[in-house]
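Contents: one structure, followed by commentary.
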Ligand code: KIV
Ligand code: NA
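Residue numbers (the UniProt record's numbering): 7 to 271.
Pasting the structure below:
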């Protein structure tokens, strides 16, 4: 199979072909997701929530992200694998940002890094790109800043923040980012930003006019039962499927139905 590259993604935008992106954090699911024809696999710091059980994305470490990323890379033969720089490994320090990115690329074999923010991380982006490492941006609701926002509500509804977001998007493109995630912003703003750029925008809660879409795999598979924002479409109900299978197994073991004559040596 032909690998997806950052160049392929820009060609897809130019052709008007939408880009499909999902998260993965482990070998088994990453392999299934890659086989399903996904274009980008994000080793998101959402692993902090869905894998490690933290309330926010802030506690996950660079070592943990590299662990997840190496497992994902071993399973993937087609998708572009992008890894989130976790909180505290790039903000306000471009040297640290480069060192963190080099560790991710070297130790996991991933293809690109992603970081949150616009102008405030420009120096870090410049320095990472100068080392030949592709960078994806992330604007709008940036979860590593949750304590600054104070809420997970839609961002950039007010003019000032919307104007700032458009400037940041332009800046990310000028710096040389190959694309950016737009999270939880009004659809009309995401449309305007997407039309103003030649690099692709990947939306989550940002409407139908983005150049691609991303969801957290555990959310779209219905493993996370208690998370139902408007932007989430569930493509499976794995919580019920897995719980049902476990209940069935428990019942069979207790009833001495499993294992049967054929299921032993
Ligand atoms: O960490 C993550 O899963 C993300 C996506 C929601 C874009 O950043
Ligand atoms: Na993230």
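Cβ coordinates follow ideal geometry from the N, Cα and C atoms, glycine included.
Select from the options the residue whose C-alpha is nearest the C-alpha of residue i.
{"i": "residue 201", "options": "190, 210, 218", "result": "218"}
{"i": "residue 231", "options": "98, 169, 244", "result": "244"}
{"i": "residue 239", "options": "28, 21, 19", "result": "28"}
{"i": "residue 165", "options": "195, 157, 182, 179", "result": "195"}
{"i": "residue 135", "options": "90, 241, 184", "result": "184"}
{"i": "residue 104", "options": "70, 75, 139", "result": "139"}
{"i": "residue 209", "options": "237, 247, 93, 229", "result": "237"}
{"i": "residue 157", "options": "12, 264, 62", "result": "62"}
Is residue i helix, strand or coil when you go by DSSP?
{"i": "residue 289", "result": "A query on residue 289 cannot be resolved here, the shown segment of the chain reaching from 7 to 271 and no further."}
{"i": "residue 223", "result": "helix"}
{"i": "residue 12", "result": "helix"}
{"i": "residue 25", "result": "strand"}
{"i": "residue 189", "result": "strand"}
{"i": "residue 127", "result": "helix"}
{"i": "residue 62", "result": "coil"}
{"i": "residue 89", "result": "strand"}
{"i": "residue 144", "result": "strand"}
{"i": "residue 203", "result": "coil"}
{"i": "residue 118", "result": "strand"}
{"i": "residue 250", "result": "helix"}
{"i": "residue 43", "result": "coil"}
{"i": "residue 48", "result": "strand"}
{"i": "residue 152", "result": "helix"}
Write down the C-beta distance between residue i and residue j rounded to the nearest angstrom, noting that I regard them as a contact closer than 8 Å.
{"i": "residue 117", "j": "residue 88", "result": "7 Å"}
{"i": "residue 81", "j": "residue 10", "result": "That belief does not hold up - the Cβ atoms of residue 81 and residue 10 are roughly 15 Å apart, past 8 Å."}
{"i": "residue 97", "j": "residue 127", "result": "7 Å"}
{"i": "residue 133", "j": "residue 68", "result": "Their Cβ separation, rounded to whole angstroms, is 17 Å, which puts residue 133 and residue 68 out of contact at 8 Å."}
{"i": "residue 146", "j": "residue 168", "result": "10 Å between Cβ atoms; not a contact."}
{"i": "residue 186", "j": "residue 178", "result": "5 Å"}
{"i": "residue 198", "j": "residue 212", "result": "With a Cβ gap of about 11 Å, residue 198 and residue 212 do not count as contacting."}
{"i": "residue 251", "j": "residue 174", "result": "Rounded, the Cβ-Cβ distance is 45 Å, inconsistent with contact."}
{"i": "residue 31", "j": "residue 72", "result": "Going by Cβ atoms, the distance from residue 31 to residue 72 rounds to 12 Å, so no, they are not a contact pair."}
{"i": "residue 66", "j": "residue 54", "result": "4 Å"}
The ligand MN and residue i: does the residue's C-beta get closer than 7 Å to at least one heavy atom of that ligand?
{"i": "residue 141", "result": "Only the ligand KIV and the ligand NA can be found as ligands here, which leaves the ligand MN out of the picture."}
Task: Residues with C-beta closer than 5 Å to any heavy atom of the ligand NA, in chain order - done: One residue after another in chain order, those with a Cβ under 5 Å from a heavy atom of the ligand NA are 50, 51, 90.
- [ ] Report yes or no: do three or more beta-carbon pairs, one from the stretch 203-219 and one from the stretch 8-27, lie closer than 8 Å?
- [x] Verdict: yes, contact present.
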